[in-house]
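Asker: First the structure, then my questions, so here it is.
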Amino acid sequence: LARKTTWSTPVFSDKEPDQQIAAMVLAGDTLFLGGLHGGLIAMCAKEGKVLARSEFPAPVWDGIAAARGRLVVSTQDGQVVCLGQK
Numbered sequence: 003l004a005r006k007t008t009w010s011t012p013v014f015s016d017k018e019p020d021q022q023i024a025a026m027v028l029a030g031d032t033l034f035l036g037g038l039h040g041g042l043i044a045m046c047a048k049e050g051k052v053l054a055r056s057e058f059p060a061p062v063w064d065g066i067a068a069a070r071g072r073l074v075v076s077t078q079d080g081q082v083v084c085l086g087q088k
């Protein structure tokens, strides 16, 4: 672990032993994580608590970006998905 770490928490369950984080981005106070085998997790960056989980196509390595209130994900199946309000 890094020195002076504020928090540390496992984000995947024992049922997902091969799951790894493929992409992450910090957007304000929310850290978004994309799983190598799919799934999207939103976490509170200050406290490390999971805010939401959803089924989602697996992103390419480092394939998540955030800008202007939107999350853009490039997926392993060739899609570019934009999430957020219009």
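Positions 3 to 88 (our numbering) are the ones given, in order, by the sequence shown. Just so it is clear, CB atoms sit at the ideal spot from N, CA and C, and this is done for glycine as well.
Answer with buried or exposed for residue 52, where buried requires no fewer than 16 other C-beta atoms within 10 angstroms of its C-beta.
Answerer: Under this definition residue 52 is an exposed residue.
Asker: At the level of alpha carbons, what is the spacing between residue 82 and residue 67?
Answerer: Each residue's Cα considered, the two are about 11 Å apart.
Asker: Please state the DSSP three-state secondary structure of residue 55.
Answerer: In the structure shown, residue 55 sits in a strand (DSSP, three-state: E or B).
Asker: Which residues does DSSP pair with residue 32 in a beta bridge?
Answerer: 29 and 46.
Asker: According to DSSP, is residue 86 helix, strand or coil?
Answerer: Here residue 86 sits in strand by DSSP.
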